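These notes are about the structure you will find just below.
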Amino acid sequence: MLNSYLKIYKARHLTDDTCIATRQFHTFGMPEFEINKLIGESGVINNSIKIMTLVHDGIVTINAFTTSLVKEDALQKLDAAEAALRKTLGQAVLERMTQVSNTPCMSF
5 MLNSYLKIYK ARHLTDDTCI ATRQFHTFGM PEFEINKLIG ESGVINNSIK IMTLVHDGIV
65 TINAFTTSLV KEDALQKLDA AEAALRKTLG QAVLERMTQV SNTPCMSF
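Letter by letter, the sequence shown follows residues 5 to 112 of this note's numbering.
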């Protein structure tokens, strides 16, 4: 079911020259439901930024991703999202990692 959705999403939104940029934040000290609530209220999630969360060993990982035809544009979108997340979550954000791909990361 999920793979079917991703195939449709890829066909509609991504081209061969689409740059996908992801940024991962590790947080500690806040439960996932509270982080999701605060992220929703902050306005970080929009048409250009997608967010997912994952809990493991007491750490909530926030994955933010965006796409663009230009790498710098994708990174600017992530920078804006990061600023909003850090303002919203404060000291709960422990670290971040960024990954950029010039080809779509989804393979079927």
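A virtual CB, placed ideally from N, CA and C, is assigned to each residue, including glycine. Keep in mind the model is a prediction, meaning the values are calculated, not measured.
Span of the alpha helix (DSSP H) around residue i
i, result
"residue 89", "75-93"
"residue 43", "36-46"
Residue i classed as buried or exposed, judged by whether at least 16 other C-beta atoms fall within 10 angstroms
i, result
"residue 43", "buried"
"residue 24", "buried"
"residue 73", "exposed"
"residue 121", "This structure leaves residue 121 out entirely; the chain is present only between 5 and 112."
Residue span of the beta strand (DSSP E) that contains residue i, given as start and end
i, result
"residue 66", "63-72"
"residue 24", "23-32"
Reference residue i, options the options, closest by Cα
i, options, result
"residue 36", "66, 95 and 24", "66"
"residue 60", "33, 12 and 48", "33"
Beta bridge counterpart(s) of residue i as assigned by DSSP
i, result
"residue 58", "65"
"residue 100", "29"
beta-carbon residue i near the ligand MN non-hydrogen atom, thresh 7 Å
i, result
"residue 35", "With respect to the ligand MN, the structure offers nothing, as it holds no ligand at all."
>> Under 8 Å, with one C-beta from each stretch per pair, do the segment 45-58 and the segment 78-85 reach the 3-pair mark?
In response: yes
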